[in-house]
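Protein chains in written order, with our numbering: chain A, 1 to 318; chain B, 319 to 396.
We treat Cβ as the ideally placed atom computed from N, Cα and C, and that holds for glycine.
Contents: one structure, followed by commentary.
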């Protein structure tokens, strides 16, 4: 049995590739003249929680598309399923999570506030985090692992806190969520980037970006035929023929690919080889590529490529 | 002494069962013009490519496979 590695990157308002230029923050002081603004947003949208829709029907950051506003307070915010495999073993191996937020760790590092972590349960008292050792710094703070010399890449944002967690280990679970502890606090904001690495049993793959809630969860048959991964690539199944048959049936009008890891053949549906990104070829190293059906509409193929690239910036997507 | 293109005399002739000799090894014929040799299912196969494409670290040739599907296959060094 062979295990292969997979990764996913989540970016909400910041960019993992930028280290010392990250200055994303929002203004949550209601007395400030720029209340509700977010600044220096690099990629995606920071999160702003403000439940008072009477006083604040619309925040400035909503108007200029620099945040995602939630009008509900919540204990644990779920940013989605990172992976969910049916009958296949997966192992969480590593994650790096960094948030710019209006709050920081509380008490010690085991009580997490406004920083997302991959987990199967409450992120507040996560059972995957190690000993309760932590460091609480005043400005500037730095990641002591990425930056050997603290003064090289200090973070410095005008408002709020920077929280960093870097974890590596072995955590067996066939599913994993990206969760943030908000604990019913209101008028809070946070931006984050989280990079997750896991392993799973080598298997045929269904390569189709799916929405877990909208078009993956409803189909029990789909869940049993192959797993779900947020990156749309590492979705292992049992049998390439079954996967092709089911995908033809459920998604006849979408573009998708199936990789047969026994024959090393990549099957394309509503796609041509031109739409397969080089980073995917390098990752899978297929010996052969076969076109099951040419694209009837090139926009379908382009949509598949765009979505795949957007979900795999860590792998080489633009 | 055999001359070129002449079958050598069997030295075992008249001395019992003839030695079949080493098994013949098929010598792959050189690819015809426009054909490319690829490795498929453990065998060398000659295909007439319709095109060639570089993807990532690999080079593929395009042809129509026996199953009727448009196919690209990795090209080994020719």
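Task: Reduced DSSP secondary structure (H/G/I, E/B, other) of residue 157/A - done: Sequence index remark: in the first chain, residue 157/A carries index 157 (1-based). It is coil, neither helix nor strand.
Open item on the list: What are the residues in the region 289-301 of chain A lying within 8 Å of chain B by C-beta distance?
Closed with: Of all residues in the region 289-301 of chain A, 289, 290, 291, 292 and 294 have a Cβ within less than 8 Å of some Cβ in chain B.
Task: Beta-carbon proximity of residue 44/A to residue 60/A, cut-off 9 Å - done: In the first chain, the residue the question calls residue 44/A occupies position 44. In the first chain, the residue the question calls residue 60/A occupies position 60. Against a cut-off of 9 Å, the Cβ pair of residue 60/A and residue 44/A comes out as no contact.
Task: Ranges of the alpha helix (DSSP H) found wholly within the region 207-235 of chain A, counting only runs of at least 4 - done: 220-225
Open item on the list: Tell me the DSSP secondary structure of residue 67/A in three-state form.
Closed with: Position 67 of the first chain, counted from the start, is the residue given in the question as residue 67/A. Residue 67/A: coil per DSSP, three-state reduction.
- [ ] Check whether the Cβ atoms of residue 227/A and residue 99/A sit closer than 9 Å, and answer yes or no.
- [x] Here residue 227/A corresponds to residue number 227 of the first chain, with the count starting at 1. Here residue 99/A corresponds to residue number 99 of the first chain, with the count starting at 1. Cβ distance not < 9 Å, so residue 227/A and residue 99/A don't count as in contact.
- [ ] Tell me residue 267/A's beta-bridge partners as DSSP assigns them.
- [x] Here residue 267/A corresponds to residue number 267 of the first chain, with the count starting at 1. Answer by DSSP bridge pairing, in chain order: 258/A and 290/A.
Open item on the list: Cutting at 8 Å between CB atoms, please list the residues of its own chain near residue 253/A, excluding the five before and the five after it.
Closed with: Reading the first chain from its first residue, position 253 is the one you call residue 253/A. Contacts found: 270 and 300.
Task: Contact list for residue 389/B against chain A, beta-carbon separation under 8 Å - done: In the second chain, counting from the first residue as 1, residue 389/B sits at position 71. What residue 389/B touches in chain A: 288, 289, 290 and 291.
Task: Contact list for residue 282/A against chain B, beta-carbon separation under 9 Å - done: The count along the first chain starts at 1 and reaches residue 282/A at position 282. The answer, in chain order, is 373, 374, 375 and 376.
Task: Beta carbon proximity, residue 304/A to chain B, threshold 9 Å - done: The residue you call residue 304/A lines up with position 304 of the first chain. Taking a beta-carbon distance threshold of 9 Å, residue 304/A does not count as an interface residue toward chain B.
Task: Which residues DSSP lists as bridging residue 359/B, in chain order - done: By one-based count along the second chain, residue 359/B stands at place 41. The partner list for residue 359/B (beta bridge, DSSP) is empty, contrary to what the question assumes.
Open item on the list: Strictly below 7 Å CB to CB, what residues from chain B border residue 278/A?
Closed with: Indexing the first chain from 1 puts residue 278/A at position 278. The contacting residues are 373 and 374.
Open item on the list: For residue 366/B and residue 262/A, I'd like the C-alpha separation in whole angstroms.
Closed with: Here residue 366/B refers to the residue found at position 48 of the second chain. Here residue 262/A refers to the residue found at position 262 of the first chain. Each residue's Cα considered, the two are about 26 Å apart.
Open item on the list: Output needed for residue 170/A: all residues of its chain with C-beta closer than 8 Å, excluding positions within five of it in sequence on either side, in chain order.
Closed with: Here the question's residue 170/A lines up with position 170 in the first chain. Cβ neighbours of residue 170/A beyond the five flanking positions: 91, 92 and 93.
TODO: Give me whichever residues DSSP pairs with residue 199/A in a beta bridge.
DONE: Along the first chain, one-based indexing puts residue 199/A at 199. In DSSP, residue 199/A forms a bridge with 5/A and 91/A.
Open item on the list: Can you check whether the C-beta of residue 392/B is within less than 9 Å of a C-beta belonging to chain A?
Closed with: Along the second chain, one-based indexing puts residue 392/B at 74. Cβ-Cβ to chain A under 9 Å: yes for residue 392/B.
Task: residue 304/A, enclosing alpha helix (DSSP H) - first and last residue - done: Working through the first chain from its first residue, we reach residue 304/A at position 304. Where residue 304/A is concerned, the enclosing alpha helix (DSSP H) stretches over 298-311.
Open item on the list: Could you check if residue 161/A belongs to the surroundings of the ligand NAD, using beta carbon to heavy atom distance under 8 Å?
Closed with: With respect to the ligand NAD, the structure shown offers nothing to examine, as it has no ligands at all.
Task: Three-state class that DSSP yields for residue 381/B in the structure shown - done: Here residue 381/B refers to the residue found at position 63 of the second chain. Of the three classes helix, strand and coil, the one that applies to residue 381/B here is strand, per DSSP.
- [ ] Report the rounded CA-to-CA distance for residue 189/A versus residue 80/A, giving the unit in angstroms.
- [x] Within the first chain, the letter at position 189 stands for residue 189/A. Within the first chain, the letter at position 80 stands for residue 80/A. If I take the Cα positions, the gap works out to 18 Å.
Task: Straight-line Cα distance separating residue 363/B from residue 386/B - done: Mapped onto the second chain, residue 386/B falls at position 68. Mapped onto the second chain, residue 363/B falls at position 45. Approximately 16 Å, taken between the alpha carbons.
Task: Cβ of residue 384/B within 9 Å of any chain A Cβ - done: The sequence position of residue 384/B within the second chain is 66, counting from 1. In terms of beta-carbon proximity, residue 384/B stays away from the interface with chain A, with every pair separated by 9 Å or more.
TODO: Indicate whether at least one CB of chain B lies closer than 9 Å to the CB of residue 285/A.
DONE: Within the first chain, the letter at position 285 stands for residue 285/A. Proximity of residue 285/A to chain B, defined by a Cβ-Cβ separation below 9 Å, is satisfied.
Task: Supposed contact pair residue 247/A and residue 206/A - C-beta distance, whole angstroms, cut 8 Å - done: As a working note, residue 206/A is residue 206 in the first chain. As a working note, residue 247/A is residue 247 in the first chain. Going by Cβ atoms, the distance from residue 206/A to residue 247/A rounds to 6 Å, so yes, they are a contact pair.
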